[in-house]
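Taking it in order: structure first as structure tokens, then the write-up.
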Amino acid sequence: MSNKDISSSLKESRSFPPPAAFQSRAHIKSEEQYQQLWNYSVENPEKYWSEQAESLLTWFKKWDKTLEWDLPHAKWFSGGKINVSYNCLDRHLTPERRKKPAIIWEGEPGDSRTLTYEDLHKEVCQFANVLKSQGIKKGDRVTVYMPLVPELAIAILACTRIGATHCVIFGGFSSDAIADRNNNAESKMVLTADGGWRRGQVVELKKNVDEAMLKSKSVEKIIVYQRCKNTVTMKDGRDFWWHDLMAKVSADCPAEELDSEHPLFILYTSGSTGSPKGILHTTAGYLLGATITSKYVFDLKEDDVYWCTADIGWVTGHSYVVYGPLANGATTVMYEGAPNTPDWGRFWNIIEKYKVSIFYTAPTAIRAFAKAGEEWPNKHNLKTLRLLGSVGEPINPEAWMWYQNKIGGGNCPVVDTWWQTETGSIMISPLPGATATVPGSATRPFFGVQPAIVDKEGVPVEEGKGGFLIIKTPWPSMLRTIWGDDNRFKEQYWSQIKGCYFTGDGARRDEKGNYWILGRIDDVLNVSGHRLSTMEIESALVSDPAVAEAAVVGAPHDLKGESIHCFVTLKIGNAPTDDVRKRLIDVVVKHIGAFARPEAVRFTDSLPKTRSGKIMRRLLRDIAAGRESKGDTSTLEDFSVLAKLREDEN
Ligand code: WT7
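All residue numbers for the sequence shown refer to numbering that gives the first Met the number 0, where the first residue is 0 and numbers rise by one.
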């Protein structure tokens, strides 16, 4: 794909400096301070990262070499010995932190638990002994397929304690997906639960694992946590109850002294082909990335109650539910269930109940809440909030403004954080006490991160022009390879632009130095020679008061090359009339220009999404083009949406 002039005509002039009260207490207090530190971090990267590794992490043995860079293979802090669970737990067993809540958990049915650092440490040590007693050794892979209960955090922390490499699979994946991942990782054990609660129903996790076992060659044992007390079949000699095994072991388990580059976890993510990629992260660099970004992007303080709504099945849950907050000694909130169970007030109720001060969620959720109406947040006291975050996809300015005003009460900074499974931790984001935020922009690179926007030859594009987002230099939490497929790793990330990491995203940088993520480059359209970001058209559509959500794709067009197809969900109470359709076309023309006039606007009750909430544009492209869908639909949340969209065509 060429990118000569990815049009980016969306204008956004609103800008919000950090609130003075926030700024005066923040870790990084001004734009100048940020700029100074950033300059230092990129001019002396090894020195910078070495200083941070020294001050933020606790080591058994100091490293010999900060970075060995044999493009595209990086080794960070080699020679060093460290343990992730030690950094997340043991070092917080001080008089001040021992009794501090580490995890505050709320189950969907309304049950709740609080685990202090002392409690969590004990559970993790005990479960690490369970793993050892069942034959798990350093370097073995362990699959984790569990609901969002504290035991999921305990399971992965226990793996890190003994040097087992965990592979968490989101609880929404099917048995086929589990089997594929088990086989790819050659997993020796699966940790699961009888079930988990989702919208008042039991998701039968153990049953899915049983089916996956028919095709999983390497798995020898399964440990089952009892959550829902639904009936499960336990196979003698293969399946064990979590509580039975826990009752038999001691709580004494010293943390293994592991090499900095010891494989920490594999997390599968989808690429441009049908088969998932196992992204490999290693110990010290990943931990440093998760720790430092949690501290500065979320401005974590001792008394914060921090809630990231992501599932631990995704990288956001790894880095910002478990490892980042715990390494900082923070209190992290976990909620098991759906945002609209029993009603759309659930999140706001949890914020009020636990006095949450930092809240991190996804644009798709924000749009759903905006659609449900402000009466839900209005019923709750959200005054404890001081900072809001967004992640996962570009956030359209209207959703951003709704978030800032209706949830943040107009006085919480909103940090729009750009990163990827591959990057391990946040790469581009405002620092809330330093950066003036701009709705829709992820703003500035984090310390040590050197992004650039280039054309397909690798030549930097002009200011304001769209291009490929790349990262020019290695960073500690970068992926190390694709598990079992180093060629794909090289080809996918390191062969497009020589010597640089290719993100797969389009972006532009404005005159203030702020980055605007335009979405995946495969979502960029070419209409009559004009390059357009689908995201910009979507933002225009969503700015109309009747629109809840919109997805835009290109369809082949004889004259224009591609034409713009819009799939639109209206807010409740708005009828899908021809007048609305006409108005929406006008909105796009008004926001972007006549060249962006949509070919078609189709109304739909919901959009096809992956279980993590990403709109599956590939499927919409097929519908727009009138094609049968080919390729992998295993991550689609609700197949009926697709059938419905097709029906509406006829
Ligand atoms: C892709 C990575 C990173 C955690 C969750 C998703 C998109 C992510 C943003 C953002 C615009 C974003 C990118 C990226 N993305 N955050 N703040 N603004 N786009 O992880 O599944 O690995 O997806 O999500 O397209 O490449 P992931």
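Where a beta carbon is used, it is the ideal one built from N, C-alpha and C, also for glycine.
Bear in mind the structure is a predicted one, so any value in this text is a computation, not a measurement.
Discussion item. Just to confirm before moving on: does the CB-CB distance between serine 217 and serine 249 stay below 8 Å?
Written reply: Mapped onto the sequence shown, residue 217 falls at position 218. Mapped onto the sequence shown, residue 249 falls at position 250. No, the Cβ-Cβ distance between serine 217 and serine 249 is not below 8 Å.
Discussion item. Please tell me whether, using a cut-off of 7 Å, the distance from the CB of glutamate 50 to the nearest non-hydrogen atom of the ligand WT7 is below it.
Written reply: As a first step, residue 50 is located in the sequence shown; it is residue number 51 there, counting from the start. With a threshold of 7 Å, the Cβ atom of glutamate 50 does not count as near the ligand WT7, since no heavy atom of the ligand is closer than that.
Worksheet item: Between arginine 507 and the ligand WT7, is the CB less than 7 Å from at least one heavy atom?
Response: For the purposes of this step, residue 507 is taken as the residue at position 508 of the sequence shown. Closer than 7 Å to some heavy atom of the ligand WT7: that does not describe the Cβ of arginine 507.
Worksheet entry | Assigned secondary structure, glycine 273 (DSSP; H/G/I helix, E/B strand, else coil) | Walking along the sequence shown from the start, residue 273 turns up at place 274. In this prediction, glycine 273 scores a pLDDT of 42, lower than 50, which makes its location untrustworthy; the coordinate-derived value is nonetheless stated afterwards. Note: glycine 273 maps to coil in three-state DSSP.
Practice prompt. Output yes or no for whether 8 Å exceeds the beta carbon distance between proline 431 and proline 412.
Written response: Counted from its first residue, the sequence shown places residue 431 at position 432. Counted from its first residue, the sequence shown places residue 412 at position 413. Yes. Within cutoff.
Worksheet item: What does a CB cutoff of less than 7 Å around tyrosine 116 pick up in its chain, not counting 5 residues either side in sequence?
Response: Against the sequence shown, residue 116 aligns to sequence position 117. Around tyrosine 116: Leu88, His91, Leu92, Arg96, Arg97, Lys99 and Ala101.
Discussion item. For lysine 589, count the other beta carbons within 10 Å of its own beta carbon; 16 or more makes it buried, fewer makes it exposed. Which is it?
Written reply: On the sequence shown, position 590 is the one that residue 589 refers to. Lysine 589 is exposed by the Cβ-count criterion.
Worksheet item: Run through DSSP, which three-state label would isoleucine 5 get?
Response: Position 6 of the sequence shown holds residue 5. Bear in mind that the predicted position of isoleucine 5 carries a pLDDT of just 42, short of 50, making it too unreliable to give a figure here.
Worksheet entry | Closest by C-alpha distance to threonine 420, when choosing among Trp399, Ala367, Leu478 and Lys405 | Within the sequence shown, residue 420 is the residue found at index 421, counting from 1. For threonine 420, the nearest C-alpha among the options comes from Leu478.
Worksheet item: Beta carbon of aspartate 310: closer than 7 Å to some heavy atom of the ligand GTP?
Response: By its list of ligands, the structure shown excludes the ligand GTP, since it contains just the ligand WT7.
Practice prompt. Please confirm if the segment 293–303 is in contact with the segment 20–37, defined as three or more CB-CB distances below 8 Å between the two stretches.
Written response: When C-beta atoms of the segment 293–303 are compared with those of the segment 20–37, three or more pairs fall below 8 Å, so the two segments count as touching.
Worksheet entry | Run of the alpha helix (DSSP H) containing cysteine 158, from where it starts to where it stops | As a first step, residue 158 is located in the sequence shown; it is residue number 159 there, counting from the start. Note, cysteine 158: alpha helix (DSSP H), 149–161.
Discussion item. On the criterion of 16 or more Cβ atoms from any shown chain inside 10 Å, does glycine 388 qualify as buried, or is it exposed?
Written reply: Within the sequence shown, residue 388 is the residue found at index 389, counting from 1. With 16 or more other Cβ atoms within 10 Å, it is buried.
Discussion item. In this structure, how does DSSP classify threonine 533 when only helix, strand and coil are distinguished?
Written reply: Along the sequence shown, one-based indexing puts residue 533 at 534. It is helical.
Discussion item. Going by DSSP in three states, serine 132 sits in which element: helix, strand or coil?
Written reply: Stepping through the sequence shown from its first residue, residue 132 is reached at position 133. Three-state DSSP puts serine 132 in a helix.
Worksheet item: Mind checking whether leucine 55 and leucine 263 have CB atoms under 8 Å apart?
Response: Within the sequence shown, numbered from 1, the residue matching residue 55 stands at position 56. Within the sequence shown, numbered from 1, the residue matching residue 263 stands at position 264. Taking 8 Å as the Cβ cut-off, leucine 55 and leucine 263 do not qualify as a contacting pair.
Fill in: Exposed unless 16 or more other CB atoms sit within 10 angstroms - verdict on aspartate 504
The sequence position of residue 504 within the sequence shown is 505, counting from 1. Looking at its Cβ environment, which holds 16 or more other Cβ atoms inside 10 Å, aspartate 504 is buried.
Worksheet item: Taking buried to mean at least 16 other C-beta atoms within 10 Å of its own C-beta, is asparagine 181 buried or exposed?
Response: Locating residue 181 in the sequence shown gives position 182, where the first residue counts as 1. The residue in question, asparagine 181, is buried, as its Cβ has 16 or more Cβ neighbours within 10 Å.
Worksheet item: Which class does isoleucine 427 belong to by DSSP, given the choice of helix, strand or coil?
Response: The sequence position of residue 427 within the sequence shown is 428, counting from 1. Isoleucine 427 falls in the strand class under three-state DSSP.
Worksheet item: Under 8 Å, do glycine 423 and histidine 280 count as touching if we go by C-beta distance?
Response: For the purposes of this step, residue 423 is identified with residue 424 of the sequence shown, where counting begins at 1. For the purposes of this step, residue 280 is identified with residue 281 of the sequence shown, where counting begins at 1. Using a Cβ distance threshold of 8 Å, glycine 423 and histidine 280 count as a contacting pair.
Worksheet item: Is valine 460 helix, strand or coil by DSSP?
Response: Counting from one through the sequence shown, the residue named residue 460 turns up at place 461. Taken through DSSP and simplified to helix, strand or coil, valine 460 comes out as coil.
Worksheet item: Nearest CA to the CA of isoleucine 349: which residue from Ala435, Met333, Ala364 and Ala361?
Response: Within the sequence shown, numbered from 1, the residue matching residue 349 stands at position 350. Comparing Cα positions, the closest option is Met333.
Worksheet item: Helix, strand or coil: how does DSSP classify glutamine 699 here?
Response: This structure leaves residue 699 out entirely; the chain is present only between 0 and 649.
Worksheet entry | glutamate 335 burial status per 10 Å Cβ neighbour count (16 or more: buried) | One-based indexing of the sequence shown puts residue 335 at position 336. Taking every protein chain shown into account, the CB of glutamate 335 has 16 or more other CB atoms within 10 angstroms, so this residue is buried.
Discussion item. Rounded to whole angstroms, what is the Cα-Cα separation between asparagine 410 and phenylalanine 594?
Written reply: To locate residue 410, count along the sequence shown from 1; it is residue 411. To locate residue 594, count along the sequence shown from 1; it is residue 595. About 38 Å.
Worksheet item: Taking the C-alpha atoms as reference points, what is the distance between glutamine 225 and proline 146?
Response: Along the sequence shown, one-based indexing puts residue 225 at 226. Along the sequence shown, one-based indexing puts residue 146 at 147. In this structure, the CA atom of glutamine 225 is about 11 Å from the CA atom of proline 146.
Worksheet item: alpha helix (DSSP H) containing tyrosine 402: first to last residue?
Response: Numbered from its first residue, the sequence shown carries residue 402 at position 403. Where tyrosine 402 is concerned, there is no enclosing alpha helix (DSSP H), given that its DSSP letter is neither H nor E.
Worksheet item: What residue does the alpha helix (DSSP H) around tyrosine 500 start on, and which one ends it?
Response: The residue given as residue 500 occupies position 501 in the sequence shown. Unbroken run through tyrosine 500 is the beta strand (DSSP E), 500–508; no alpha helix (DSSP H).
Item to complete: Rounded to whole angstroms, what's the CA-CA distance from threonine 442 to alanine 599? Just pull it up for me.
Response: Within the sequence shown, numbered from 1, the residue matching residue 442 stands at position 443. Within the sequence shown, numbered from 1, the residue matching residue 599 stands at position 600. Annotation: threonine 442 to alanine 599 spans about 33 Å, alpha carbon to alpha carbon.
Worksheet entry | Given proline 253 as reference, the closest of Lys247, Arg112, Ile81 and Trp241 once Cα atoms are compared | To locate residue 253, count along the sequence shown from 1; it is residue 254. For the residues Lys247, Arg112, Ile81 and Trp241, the minimum Cα distance to proline 253 belongs to Ile81.
Fill in: Pick from Gly465, Arg507, Asn395 and Lys370 that is closest to serine 605, judged by C-alpha positions
By one-based count along the sequence shown, residue 605 stands at place 606. Ranked by Cα distance from serine 605, the first of Gly465, Arg507, Asn395 and Lys370 is Lys370.
Practice prompt. Verify whether the separation of the beta carbon atoms of asparagine 183 and glycine 106 is less than 8 Å.
Written response: As a first step, residue 183 must be located in the sequence shown, where it is residue number 184. As a first step, residue 106 must be located in the sequence shown, where it is residue number 107. Cβ atoms of asparagine 183 and glycine 106: not closer than 8 Å.
Practice prompt. Kindly list the residues whose CB is nearer than 6 Å to the CB of isoleucine 516, restricted to its own chain and excluding five residues on each side of it in sequence; keep chain order.
Written response: Numbered from its first residue, the sequence shown carries residue 516 at position 517. Closer than 6 Å at Cβ, skipping near neighbours: Pro393, Trp417, Ala441, Asp504 and Ala506.
Worksheet entry | Exposed unless 16 or more other CB atoms sit within 10 angstroms - verdict on lysine 137 | Position 138 of the sequence shown, counting from 1, holds the residue named residue 137. In summary, lysine 137 is exposed, with fewer than 16 beta-carbon neighbours lying within 10 Å of its beta-carbon over all protein chains present.
Worksheet item: Is there at least one Cβ from chain B nearer than 8 Å to valine 546's Cβ?
Response: In the structure shown, chain B does not exist; there is a single protein chain.
Practice prompt. Indicate whether the contact test is met: 3 or more Cβ pairs, each with one atom in the segment 239–247 and one in the segment 455–465, closer than 8 Å.
Written response: By the Cβ rule, the segment 239–247 does not count as touching the segment 455–465, because fewer than three pairs are nearer than 8 Å.
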